[in-house]
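Undergrad:
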Amino acid sequence: MVDHITRRQFLKVSGAALGGAAAVELIGLGLDTRAVQAQAQTVPLKRGKEVPSICPYCAVGCAQIVTVDTTSNKIIDIQGNPDSPINRGTLCPKGAATYQLTINPLRETKVKHRAPGSDHWEDMSLDDAMNRIAQLVKQTRDQTFVVEKNGKKVYHTKAIASLGGATLDNEENYLMKKYLSGLGVVYIENQARI
Ligand code: SF4
Numbered sequence: 002m003v004d005h006i007t008r009r010q011f012l013k014v015s016g017a018a019l020g021g022a023a024a025v026e027l028i029g030l031g032l033d034t035r036a037v038q039a040q041a042q043t044v045p046l047k048r049g050k051e052v053p054s055i056c057p058y059c060a061v062g063c064a065q066i067v068t069v070d071t072t073s074n075k076i077i078d079i080q081g082n083p084d085s086p087i088n089r090g091t092l093c094p095k096g097a098a099t100y101q102l103t104i105n106p107l108r109e110t111k112v113k114h115r116a117p118g119s120d121h122w123e124d125m126s127l128d129d130a131m132n133r134i135a136q137l138v139k140q141t142r143d144q145t146f147v148v149e150k151n152g153k154k155v156y157h158t159k160a161i162a163s164l165g166g167a168t169l170d171n172e173e174n175y176l177m178k179k180y181l182s183g184l185g186v187v188y189i190e191n192q193a194r195i
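Okay, structure coming up:
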């Protein structure tokens with residue numbers, strides 16, 4: 002049981018990437034990771050063609066190594082790239098789960114639509130979904146657009162908000178901001194900053 006770990010102690014342990022010295026340090030703090038490390042060493046390394054990549058999630062931009070089976074041409078593993086000065090081989094829990102993007106059968110790959118009043122979701126084509134979103138944005142914007150408030154020109158709508166996903170890059174965010182500001186949307190945010 003650990004009563005108190007200072008920030009300095011935590012950084013020292015984390016920075017050592019759980020190597021032997023760090024294990025001793027952790028034991029000193031009351032955390033014995035030897036069983037976890039022993040178990041980790043029994044997991045066979047996955048061999049294949051290693052392709053450098055970047056984590057798709059947030060703006061930190063951690064480097065990854067994507068291992069591909071050259072027979073099936075399928076991704077079989079994704080790990081942190083130790084050559085990167087940004088993440089030095091580590092990935093946060095979200096980045097470490099990137100492999101799930103490619104293999105998890107529970108991942109939704111089709112647009113789902115629940116019609117007004119309906120109690121269930123149905124598949125919708127991407128074209129239909131884009132048209133539906135465009136129509137609703139236009140309708141909402143036209144119904145709620147405010148030109149003037151308290152004697153000042155504001156030209157905005159507060160009825161629409163935009164939350165960008167973590168995989169949006171700088172250029173996409175730039176275009177979204179331009180587009181949304183052009184519509185008069187003022188609530189514009191991105192997951193990577195929240
Ligand atoms: S989500 Fe995690 S692993 Fe991916 S770039 Fe951000 S901090 Fe790095």
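Here the sequence shown is numbered in the numbering used here, starting from 2 and rising by one per residue. Positions of the beta carbon are idealized from the N, C-alpha and C atoms, including for glycine.
1. Considering only residues of the same chain and omitting the five flanking positions on each side of K95, which have a CB-CB separation below 7 Å?
2. At the level of alpha carbons, what is the spacing between T72 and M177?
3. Please report how far the alpha carbon of G185 lies from the alpha carbon of V67, in whole angstroms.
4. Alpha carbon to alpha carbon, how far is A97 from L164?
5. Looking at the unbroken beta strand (DSSP E) that takes in I87, where does it start and where does it end?
6. Please confirm whether any heavy atom of the ligand SF4 lies closer than 7 Å to the CB of L92.
7. Is G196 near the ligand SF4, with its Cβ less than 7 Å from a heavy atom?
8. By the 10 Å Cβ neighbour count, where 16 or more other Cβ atoms means buried, how is N151 classified, buried or exposed?
9. Just to confirm the assignment: which complete alpha helix (DSSP H) runs, minimum length 4, are found wholly within the region 77-162?
10. Would you say the beta carbon of N191 is closer than 7 Å to some non-hydrogen atom of the ligand SF4?
11. If you run the structure through DSSP and keep just helix, strand and coil, what is Q65?
12. Might you give, ordered along the chain, the residues of its own chain that have their beta carbon closer than 6 Å to the beta carbon of R142, omitting 5 neighbours on each side?
TA: Considering the structure as presented:
1. Non-local beta-carbon contacts of K95 in its own chain, meaning distances under 7 Å to residues more than five positions away in sequence, involve Y58 in chain order.
2. Straight across, the Cα-Cα distance linking T72 with M177 is about 40 Å.
3. Roughly 41 Å separates the two Cα atoms.
4. Linking A97 to L164 through their CA atoms gives a straight-line distance of about 23 Å.
5. Unbroken run through I87: none, as it is neither H nor E.
6. Yes, the Cβ of L92 comes within 7 Å of a heavy atom of the ligand SF4.
7. Nothing can be reported for residue 196, as the shown portion of the chain is limited to 2 through 195.
8. Taking all protein chains shown into account, N151 has fewer than 16 neighbouring C-beta atoms within 10 Å of its C-beta and is therefore exposed.
9. Complete alpha helix (DSSP H) runs here, min 4: 94-97, 100-104, 127-145.
10. Checking every heavy atom of the ligand SF4 against the Cβ of N191, none is found closer than 7 Å.
11. In the displayed model, Q65 falls within a strand according to three-state DSSP.
12. Setting aside the 5 residues that flank it on each side, R142 is surrounded in the same chain by T158, L184, each with a C-beta closer than 6 Å to its C-beta; the list follows chain order.
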